[in-house]
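For the sequence shown, the numbering used here gives the first residue as 445, with consecutive numbering after it.
Glycine included, C-beta positions come from ideal geometry on N, C-alpha and C.
Please read these numbers as outputs of a predicted model, since none were measured by experiment.
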Amino acid sequence: MAAVLQPNAIPTVKLLINGAWRNSTSSDWRDIVNPATQEVLARVPMCGADEIDEAVKSAAEAFKTWKNAPIGQRARIMLKLQELIRRDTKKLAACLTAEQGKTLPDAEGDVFRGLEVVEHAAGIGTLSLGEMAENVATGVDTYFIRQPIGVCAGITPFNFPAMIPLWMFPMAIVTGNTFVLKPSEQDPMTTVLLAELAMEAGVPAGVLNVVHGGKEAVDRLCTHPTVKAVSFVGSCHVGEHVYNLASTHGKRAQCMMGAKNHAIVMPDASKDQALNALVGAAFGAAGQRCMATSVAVLVGEANNWIPDIVEKAKSLKVNAGVIAGTDVGPVISKQAKARIEGLIAKGAAEGCKIDLDGRNVKVDGYPNGNFIAPTVISGVKPHHTVYTEEIFGPVLVIVSVDTLDEAIALTNANPYGNGTGIFTQSGAVARKFQNEIDVGQVGINVPIPVPVPYFSFTGSRGSKLGDLGPYGKQAVHFYTQVKTVTARWFDDAAVNGGNSGGVNTTISLK
């Protein structure tokens with residue numbers, strides 16, 4: 445691809461600045477490693493402040509003209525981009541699987557959920573409408589318009605290298621802003637492919653820029669005086685740092701962070717459907733979703749279903765993502781694997797019951813892969829480490845309670861508020877749950893309640909910093925500023941006829 449150079453055997457990922465792919469001058473490079481094989485796929489630069497500044501300067505210069513581009517022109521670029529993403533979905537998924545580890549169907553799903561946002565962005569004409577009130581006073585009209593804010597930046601995580609970038613830059617640039625994108629240094633190649641498609645779709649030079657790096661790059665984007673807004677998705681620790689740093693430097697910030705998503709299973713739930721959904725939500729994408737169901741709260745007699753959960757989890761196939769029929773691929777890195785295994789061991793040491801242990805799984809043909817099989821831990825209490833920590837792996841912890849009220853209280857007491865779900869056949873129970881639960885996104889017989897782009901991602905509490913979500917109408921509000929205009933026009937004929945009565949230095953609103 446154009447964004448990769450091959451000076452030796454190992455490709456290097458390039459920067460996109462002012463419409464051109466170029467080599468980084470950084471002396472610090474990191475390997476991009478296939479999680480299933482440990483093969484080094486490419487090397488990515490850790491950009492310093494000078495290259496970040498150059499990308500921001502390019503975006504600032506492009507903003508001078510892009511902000512005035514007609515809405516129709518911007519919308520047509522989004523229409524073309526969605527066409528190109530559809531054309532290259534297989535290519536994108538293959539790249540994603542190689543560098544991130546997801547199964548191919550899961551990788552295609554990653555691309556598709558981002559594609560939905562691009563399709564929604566194409567409707568910017570109606571999304572960006574203002575409002576008007578006529579005759580707020582005699583001959584006076586008031587209206588507001590939405591205008592872009594300038595250079596915006598996005599910092600994306602490793603677990604969704606297609607979807608999350610597509611949550612960010614399409615909404616930012618379609619509203620008239622320019623953008624500097626820093627993908628995860630662990631798997632940036634899929635994001636680079638998307639940026640190539642954006643250029644092919646007609647995004648002008650400088651409107652979208654791509655840089656790479658770690659903390660230095662993040663900090664420079666958060667403190668650069670020209671950057672007006674920062675969007676972040678990732679861990680709580682980094683998210684809090686990004687939000688505080690960007691906010692104290694006068695920027696808008698939206699940070700979608702960690703989670704401990706609870707699924708409440710009532711005794712009257714449709715058993716097979718509930719357990720299938722629970723197992724899929726817990727172990728799909730190797731549990732590396734911010735919306736993964738990581739806690740099952742079994743209410744009353746539903747606690748008798750633990751053996752059924754274990755059997756369904758056992759049936760899942762662990763293998764490399766490229767192998768047909770794989771349900772659970774590898775986790776992103778050796779370090780992630782060691783951390784997850786350490787937390788499982790901590791659970792056992794604290795007295796939890798390991799009903800299904802996914803450590804030490806062997807995968808034929810992939811002896812060096814970062815594999816962990818589905819793991820089920822029951823007897824978990826709120827003080828146990830496996831409950832308090834976000835494991836971010838194929839681990840489901842089970843908490844047993846007697847009543848719905850206990851389940852609601854448990855969920856509300858948890859510091860995170862990304863998503864939750866309830867499985868029941870009772871409308872009254874579902875309504876009580878959605879009314880009393882203090883979590884941003886609620887599923888009723890839906891395990892991963894991520895809303896479609898017509899709405900907005902609405903995590904809450906410890907899972908979100910900032911008032912507005914990353915796509916939908918909330919993203920339009922985040923990437924625009926409101927300008928209110930009060931206008932009064934005079935009839936020149938009347939004025940020239942002598943009826944003006946002299947200079948009027950006040951405007952009456954009576």
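When DSSP states are grouped into helix, strand and coil, residue 547 belongs to the coil group. Cβ contact annotation for residue 655 (same chain, cutoff 7 Å, sequence separation greater than five): 459, 491, 495, 496, 499, 624, 626, 661, in chain order. Judged by DSSP secondary structure, residue 568 falls within the alpha helix (DSSP H) whose first and last residues are 568 to 571. Closest in alpha carbon position to residue 772, among 932, 784, 759, is 759. In the DSSP annotation of this structure, the continuous segment of the beta strand (DSSP E) that includes residue 930 starts and ends at 924 to 932.
Scanning the region 509 to 562 from its first residue to its last, the whole alpha helix (DSSP H) runs of 4-plus residues come out as 515 to 531, 533 to 544. Considering only 800, 525, 710, the residue with the shortest C-alpha distance to residue 756 is 800.
Closest in alpha carbon position to residue 455, among 475, 461, 471, is 475. Three or more beta-carbon pairs drawn from the region 813 to 820 and the region 830 to 847 are found closer than 8 Å, and the two stretches are therefore classed as touching.
Residue nearest to residue 882 within the set 932, 861, 889, 659 is 861 (criterion: CA-CA distance). Across the structure, residue 687 and residue 677 are spaced so that their CA atoms are roughly 11 Å apart. Boundaries of the alpha helix (DSSP H) around residue 635: 633 to 645. Relative to residue 631, the option among 649, 608, 675, 825 whose CA is nearest is 608. Residue environment: residue 668 is assigned as buried (16 or more neighbouring CB atoms within 10 Å of its CB, all protein chains considered).
In this model, residue 538 and residue 769 are separated by some 15 Å (Cα to Cα).
Taking C-alpha positions only, residue 828 is separated from residue 558 by approximately 36 Å.
Separation of residue 463 and residue 506 (C-alpha to C-alpha, rounded to the nearest whole angstrom) is 10 Å. No Cβ-Cβ contact shorter than 9 Å links residue 696 with residue 617. Distance from the CA atom of residue 586 to the CA atom of residue 926, rounded to whole angstroms, is 13 Å.
Excluding its 5 nearest sequence neighbours in each direction, residue 479 has C-beta neighbours in its own chain below 6 Å: 545, 774, 776, 814, listed in chain order.
In the three-state scheme derived from DSSP, where H, G and I count as helix and E and B as strand, residue 877 is classed as helix. Judged by their CB atoms, residue 566 and residue 606 are not nearer to each other than the 9 Å cut-off. With a cut-off of 8 Å on Cβ pairs, the region 518 to 537 is in contact with the region 627 to 647, counting three or more such pairs. Looking only at 874, 854, 887, 717, the smallest Cα-Cα distance to residue 864 is reached by 887.
Per DSSP, the unbroken beta strand (DSSP E) holding residue 707 starts and ends at 705 to 709. Here residue 608 carries a helix assignment [DSSP, helix/strand/coil]. In the displayed model, residue 843 falls within a strand according to three-state DSSP. The shortest CA-to-CA distance from residue 899 to any of 576, 706, 745, 915 is the one to 915. Residue environment for residue 672: buried (at least 16 other C-beta atoms within 10 angstroms of its C-beta).
Residue 511 has its alpha-carbon roughly 8 Å from the corresponding atom of residue 591. Annotation for residue 620: 511, 592 place their beta carbon closer than 6 Å to its own, counting only its chain and skipping 5 residues before and after. About 6 Å separates the Cβ atoms of residue 741 and residue 845, confirming a contact at the 8 Å cut-off. Judged by beta-carbon spacing, residue 913 lies beyond the 9 Å limit of residue 779, meaning their Cβ atoms are not closer than that value. Listed in chain order, the non-local C-beta contacts of residue 781 below 7 Å within the same chain comprise 775, 814, 816, local neighbours out to five positions each way being set aside. Runs of the beta strand (DSSP E) lying entirely within the region 648 to 717, each at least 3 residues long, are 652 to 654, 671 to 677, 696 to 700, 705 to 709 in chain order.
In the structure shown, the three-state DSSP call for residue 758 is helix.
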